[in-house]
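Student:
In my numbering, the protein residues as written are 2 to 385.
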């Protein structure tokens, strides 16, 4: 947080910033990676949020990518996918731009936190809890894989143009007065956007399992497009205060079906995957992208299987394979070689272990769709 403190006057005070006229205190650094940082911040009423700061030092291209992430946080209307509360962009003194995204803070932590706690305490997740969480993640992924673009969708999300810049001015200030007419907190000092999000989560518990079965009015939808999250793993799945899994970190999210027409395009896809996803959860088709091949939303299905395995057994199947037997993790992923821990294999039903196997099919053409995975998961859940 030292770089933030350096932007403030030299006296003993908590760093503060403004996002579109609303003041926040910076409490601590939650995480960082590449050119992004995530902070825990607090509003004047005591409510806490997660603030993502994305530095854009490489000009228009890096700004475009950051603003595309902002649009991702606005695009999906599902209680199982995170939505931004607010966002802003500022120009720094050196001419570079910085994008800020204000997000809900999930006190329940992530699935990775559950895994870490269980490993530390020598405990195991209950199968009922595991399948409930898995079904929720499937619902979120289905909203992405079968996403309906509405009339208000930003067309720039899928273009090469940079969306119109949002907000302006220097966000950092150590002694800013609160604005009475802010656009984030309502007159009662409550989090209107967060309340709406929580209401949406509560109302959705009884929603139909298969979202595609919901009849939509033809005037509401203009197009359907497949998105992929592209970085599904336990650390990117947070838990709401009601225990509902929420897909987070949409920095890698984008159009799912991409064809590698040339060798250069194939290498580019492979390098992007290596940069923006974790090897032990990465689909085999991303390890050696072939010219002429198509990468689609099935990459999320593979990661979904790895995530369920990790929830049950404490780590990705290919981390376990490497730790248990040595050898190359890349080779194990490419050949689909993994096993279940002997000391835990009998803790769970054959049905849930078969669900893991159902997702971890090396050939993406043979790998199931999210609808098939969700249907099978619901059957496992109903049979308990």
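No residue lacks a Cβ here, since even glycine has one placed at the ideal position from N, Cα and C.
Excluding sequence positions up to five away, which residues of its chain have a Cβ less than 7 Å from the Cβ of residue 381?
Tutor: Stepping through the chain shown from its first residue, residue 381 is reached at position 380. Around residue 381: 132, 352, 353 and 356.
Student: What's the C-alpha gap between residue 267 and residue 261?
Tutor: By 1-based counting over the chain shown, the position of residue 267 is 266. By 1-based counting over the chain shown, the position of residue 261 is 260. Residue 267 and residue 261: Cα-Cα distance of roughly 5 Å.
Student: Quick check: the segment 135-151 against the segment 228-248, are at least 3 beta-carbon pairs closer than 8 Å?
Tutor: yes
Student: Hey, how far is the Cα of residue 16 from the Cα of residue 103?
Tutor: On the chain shown, position 15 is the one that residue 16 refers to. On the chain shown, position 102 is the one that residue 103 refers to. Going by the C-alpha atoms only, they are around 16 Å apart.
Student: Quickly, what does DSSP pair residue 62 with across the bridge? List them, please.
Tutor: Translated into positions along the chain shown, residue 62 becomes position 61. None; residue 62 has no bridge partner.
Student: Tell me which residue opens and which closes the beta strand (DSSP E) that residue 86 is part of.
Tutor: Walking along the chain shown from the start, residue 86 turns up at place 85. Here residue 86 belongs to no beta strand (DSSP E), and DSSP marks it neither H nor E.
Student: Are there three or more Cβ pairs, one per stretch, closer than 8 Å when the segment 264-278 is compared with the segment 79-96?
Tutor: Put simply, the segment 264-278 does not touch the segment 79-96. Fewer than three CB pairs are less than 8 Å apart.
Student: Is the segment 310-318 in contact with the segment 338-351, if contact means three or more CB pairs nearer than 8 Å?
Tutor: yes
Student: Excluding sequence positions up to five away, which residues of its chain have a Cβ less than 8 Å from the Cβ of residue 95?
Tutor: Taking the first residue of the chain shown as position 1, residue 95 is located at position 94. Apart from the 5 residues on each side of it in sequence, residue 95 has no Cβ closer than 8 Å to any other Cβ in its chain.
Student: For residue 44 and residue 28, I'd like the C-alpha separation in whole angstroms.
Tutor: The residue given as residue 44 occupies position 43 in the chain shown. The residue given as residue 28 occupies position 27 in the chain shown. If you take the alpha carbons of residue 44 and residue 28, they lie about 10 Å apart.
Student: Applying the criterion that 16 or more other CB atoms from any shown protein chain within 10 Å of the CB defines a buried residue, is residue 216 buried or exposed?
Tutor: Here the question's residue 216 lines up with position 215 in the chain shown. In this prediction, residue 216 scores a pLDDT of 28, lower than 50, which makes its location untrustworthy; the coordinate-derived value is nonetheless stated afterwards. Burial call: exposed.
Student: Does DSSP put residue 359 in a helix, in a strand, or in coil?
Tutor: The count along the chain shown starts at 1 and reaches residue 359 at position 358. Correct three-state label for residue 359: helix.
Student: Which residue marks the beginning of the beta strand (DSSP E) containing residue 99, and which one marks its end?
Tutor: Against the chain shown, residue 99 aligns to sequence position 98. Residues 98-105.
Student: Quick one, are the C-beta atoms of residue 306 and residue 254 less than 7 Å apart?
Tutor: Walking along the chain shown from the start, residue 306 turns up at place 305. Walking along the chain shown from the start, residue 254 turns up at place 253. It is not a contact, given that the beta carbons lie outside the stated cut-off.
Student: Report the three-state DSSP secondary structure of residue 341 (helix, strand or coil).
Tutor: If you number the chain shown from 1, residue 341 lands on position 340. Note: residue 341 maps to coil in three-state DSSP.
Student: Distance check for residue 148 and residue 21, CA to CA, integer angstroms please.
Tutor: Here residue 21 corresponds to residue number 20 of the chain shown, with the count starting at 1. Here residue 148 corresponds to residue number 147 of the chain shown, with the count starting at 1. Straight-line Cα distance between these residues: approximately 30 Å.
Student: Are residue 304 and residue 233 close, meaning C-beta to C-beta below 7 Å?
Tutor: Start at 1 with the first residue of the chain shown, and residue 304 comes out as number 303. Start at 1 with the first residue of the chain shown, and residue 233 comes out as number 232. Cβ atoms of residue 304 and residue 233: closer than 7 Å.
Student: Which residue from 120, 42 and 37 puts its Cα closest to that of residue 58?
Tutor: As a first step, residue 58 must be located in the chain shown, where it is residue number 57. A check of alpha carbon separations from residue 58 across 120, 42 and 37 identifies 37 as the nearest.
Student: Give me the Cα-Cα distance between residue 34 and residue 60, rounded to the nearest whole angstrom.
Tutor: To locate residue 34, count along the chain shown from 1; it is residue 33. To locate residue 60, count along the chain shown from 1; it is residue 59. Roughly 19 Å between the two C-alpha positions.
Student: Does DSSP put residue 39 in a helix, a strand or coil?
Tutor: Numbered from its first residue, the chain shown carries residue 39 at position 38. Strand at residue 39.
Student: Whole angstroms is fine: what's the gap from residue 77's alpha carbon to residue 142's?
Tutor: For the purposes of this step, residue 77 is identified with residue 76 of the chain shown, where counting begins at 1. For the purposes of this step, residue 142 is identified with residue 141 of the chain shown, where counting begins at 1. Rounded to the nearest whole angstrom, the CA to CA distance from residue 77 to residue 142 is 11 Å.
Student: Less than 7 Å separating the beta-carbons of residue 25 and residue 39?
Tutor: Position 24 of the chain shown holds residue 25. Position 38 of the chain shown holds residue 39. Not closer than 7 Å, so no.
Student: For residue 229, which residues does DSSP report across the bridge?
Tutor: Residue mapping note: residue 229 aligns to position 228 of the chain shown, counting from 1. Looking at the DSSP assignment, residue 229 forms a beta bridge with 255.
Student: Can you check DSSP and say which residues form a bridge with residue 246?
Tutor: Residue mapping note: residue 246 aligns to position 245 of the chain shown, counting from 1. Per DSSP, the beta bridge partners of residue 246 are 240.
Student: With which residues is residue 144 paired in a DSSP beta bridge?
Tutor: By one-based count along the chain shown, residue 144 stands at place 143. In DSSP, residue 144 forms no bridge with anything.
Student: Would you decide whether residue 292 is buried or exposed? Buried here means 16 or more other CB atoms lie within 10 Å of its CB.
Tutor: Residue numbering aside, residue 292 sits at position 291 when the chain shown is read from its first letter. So residue 292 ends up on the exposed side.
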